[in-house]
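Residue numbers (full-length UniProt numbering): 1 to 410.
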């Protein structure tokens with residue numbers, strides 16, 4: 001019984017009827033096709049030792065060697081090799097390539113091996129300190145004096161950061177309170193805040209809070225943390241620092257946070273060529289007790305000139321750093337297609353909750369879904385089923401254009 005099931009899963013009536021289909025239409029093929037010498041044998045037309053496939057049988061041949069369980073939905077070159085062992089027809093490579101490129105099963109089941117789509121789009125360079133900031137959280141840390149979370153706030157101009165230990169991931173209202181206590185009290189109101197799409201920042205409370213203070217809330221694209229890449233890098237630097245000093249129990253990290261903040265803000269940043277301390281205060285902090293201190297005090301006018309000159313230098317340095325990083329990042333990316341309203345796209349499932357027993361055997365792409373709005377050259381809004389319950393704006397690196405299938409009804 002099991003042997004019969006296995007045999008039926010590998011072979012069907014398709015392979016028997018395929019020969020009949022080829023044979024029944026072989027008479028319509030001229031003996032001389034484009035000056036290629038052909039010969040007839042037992043009702044078939046052969047080119048050397050390969051059976052010539054008539055127009056009517058070409059798609060069924062490709063289907064058999066690609067779609068069936070013994071075809072295995074192989075790649076273009078592998079499928080061409082399988083078919084060439086037995087068959088031939090003019091333009092077969094092009095036909096096979098077109099068939100496989102548009103195969104919906106392959107698109108959904110296979111990992112995309114090409115470079116991520118979408119060239120880097122850097123955020124605008126701020127004009128001065130604490131006008132544009134970024135916020136994030138480091139969560140699920142080992143409990144240290146009843147704290148397991150860090151709030152990270154970074155000035156995108158000077159790169160100065162504040163590391164704020166908290167006892168749990170805060171709500172939107174608690175986040176607003178922390179902002180007032182630790183940022184507004186020291187630096188005033190920023191013009192913009194860049195964050196991920198955490199529930200604190202997508203809530204109605206946070207939106208109303210920012211609107212009331214005339215702060216622009218910039219949310220990252222869904223499942224694309226590179227939008228808030230500044231905080232991702234600082235998080236890594238802080239975590240690296242803590243690894244160097246905490247015990248093996250990892251329960252004493254809280255005591256190192258103030259010093260870690262000092263160390264980070266006292267180090268020269270590659271993008272600005274200055275330390276965050278120097279950019280904000282115009283001097284370096286005293287590190288070594290008893291070290292001589294420069295007693296020369298510049299005039300107010302001279303200090304203002306120095307600050308404005310330094311700001312211009314820093315802006316230029318930030319522009320050059322962005323350009324260098326863009327050139328480097330774009331080497332590993334490819335330009336995205338020019339999407340238009342109504343285009344259908346496949347959506348990467350890496351960050352999507354799939355309703356299937358095993359993610360390993362789940363689809364790599366789902367859809368296709370229509371584009372309902374072009375947000376930017378690298379982000380679009382999709383029309384998704386309500387059951388998905390996710391933000392519908394996605395970076396183009398998570399999409400794959402679903403072009404019209406030249407083999408409808410396959």
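All C-beta atoms, glycine included, are put in the ideal place defined by N, C-alpha and C.
Source: prediction; values computed, not measured.
C-beta contact flag for residue i and residue j at 8 Å
i           : j           : result
residue 378 : residue 395 : yes
residue 347 : residue 362 : no
residue 400 : residue 112 : yes
residue 67  : residue 143 : no
residue 270 : residue 284 : no
residue 183 : residue 235 : no
residue 216 : residue 376 : no
Distance, residue j Cα to residue i Cα
i           : j           : result
residue 260 : residue 247 : 16 Å
residue 385 : residue 239 : 39 Å
residue 34  : residue 26  : Annotation note: pLDDT 49 at residue 34 (below 50); position unreliable, coordinate value reported separately. Between residue 34 and residue 26, the C-alpha separation is close to 16 Å.
residue 436 : residue 160 : Missing from the structure shown is residue 436; the chain here goes from 1 to 410 and no further.
residue 123 : residue 281 : 25 Å
residue 6   : residue 70  : Residue placement at residue 6 is flagged as unreliable, the pLDDT there being 40, under the threshold of 50; the coordinate-derived value follows with that caveat. Each residue's Cα considered, the two are about 12 Å apart.
residue 408 : residue 99  : 10 Å
residue 21  : residue 382 : 43 Å
residue 326 : residue 76  : 33 Å
residue 211 : residue 109 : 44 Å
residue 310 : residue 106 : 55 Å
residue 393 : residue 245 : 41 Å
residue 323 : residue 58  : 50 Å
residue 308 : residue 398 : 42 Å
residue 54  : residue 380 : 44 Å
residue 359 : residue 345 : 21 Å
residue 86  : residue 343 : 39 Å
residue 353 : residue 175 : 27 Å
residue 290 : residue 266 : 18 Å
residue 338 : residue 125 : 26 Å
residue 365 : residue 332 : 21 Å
residue 91  : residue 56  : 14 Å
residue 268 : residue 279 : 10 Å
residue 39  : residue 52  : 10 Å
residue 428 : residue 179 : Outside the displayed range of the chain (1 to 410) lies residue 428, so it cannot be described from this structure.
N-terminal and C-terminal residue of the alpha helix (DSSP H) that residue i is part of
i           : result
residue 230 : 229 to 245
residue 199 : 199 to 202
residue 173 : 172 to 179
residue 125 : No alpha helix (DSSP H) contains residue 125, which DSSP labels as neither H nor E.
residue 108 : 104 to 109
residue 66  : 55 to 66
Endpoints, the beta strand (DSSP E) within which residue i is located
i           : result
residue 395 : 393 to 395
residue 431 : Lying before the first or after the last residue shown, residue 431 is absent from the chain, which here runs from 1 to 410.
Closest residue to residue i among the options (Cα-Cα distance)
i           : options               : result
residue 141 : 254, 176, 90 and 230  : 254
residue 114 : 351, 338, 392 and 334 : 334
residue 103 : 72, 81 and 127        : 72
residue 427 : 390, 50 and 173       : Summary: the structure shown does not reach residue 427, with the chain confined to residues 1 through 410, and so no result is reported for it.
residue 241 : 263, 23 and 231       : 263
residue 18  : 328, 65, 38 and 46    : 65
residue 461 : 24, 204, 231 and 193  : Since the displayed the chain opens at 1 and closes at 410, residue 461 lies outside it and no answer follows.
residue 231 : 193, 336 and 23       : 193
residue 404 : 201, 101 and 43       : 101
residue 312 : 91, 117 and 157       : 157
residue 89  : 48, 257 and 201       : 48
residue 169 : 302, 138, 191 and 179 : 138
residue 328 : 186, 406, 119 and 214 : 119
Please confirm if the region 369 to 383 is in contact with the region 319 to 329, defined as three or more CB-CB distances below 8 Å between the two stretches. no
Three or more C-beta pairs under 8 Å: does that hold for the region 164 to 171 against the region 140 to 148? yes
Pairs of beta-carbons, one from the region 75 to 95 and one from the region 127 to 139, closer than 8 Å: are there three or more? At 8 Å Cβ cutoff, the stretches do not touch.
Can we say the region 210 to 221 touches the region 179 to 198, given the rule of at least three CB pairs closer than 8 Å? yes
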